[in-house]
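Each number in the working numbering corresponds to the 1-based position in the sequence shown with 104 added. All residues carry an ideal CB built from backbone N, CA and C; glycine is no exception. Just so it is clear, the structure is predicted and the values come from calculations on it, not from any experiment. One structure below.
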Amino acid sequence: MPRCPLCGFVYPDGVTTCPDCNIELIEEKPEICIYCGAEIEPGLPYCPECGKIFLTRIFEPEDEIECD
Numbered sequence: 105m106p107r108c109p110l111c112g113f114v115y116p117d118g119v120t121t122c123p124d125c126n127i128e129l130i131e132e133k134p135e136i137c138i139y140c141g142a143e144i145e146p147g148l149p150y151c152p153e154c155g156k157i158f159l160t161r162i163f164e165p166e167d168e169i170e171c172d
């Protein structure tokens, strides 16, 4: 399904440009749930089929640490 890389809106197949952002859409393949194998939309924090939650977090350090 084509998606706008700027606003994130998903368009039906065949649309090539986001009318709001005036930018070319990118083709995004669905992700696969590691628990049940269902196709899911990229970026969802859970699987709508089996309900499992994907536990992924990005940690950013609060302070920079210098090593000697």
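- Its chain contains P134, E135, I136, C137, C151, P152 and E153 as the residues whose beta carbon lies nearer than 8 angstroms to that of I144, once the 5 sequence neighbours on both sides are disregarded; these appear in chain order.
- Here C108 is buried. Its C-beta has 16 or more other C-beta atoms within 10 Å.
- Taking all protein chains in view, the Cβ of L129 is crowded by 16 or more other Cβ atoms within 10 Å, so the residue is classified as buried.
- Close CB contacts of K156 within its chain, under the 6 angstroms cut and outside five residues either way in sequence, are with Y139 (chain order).
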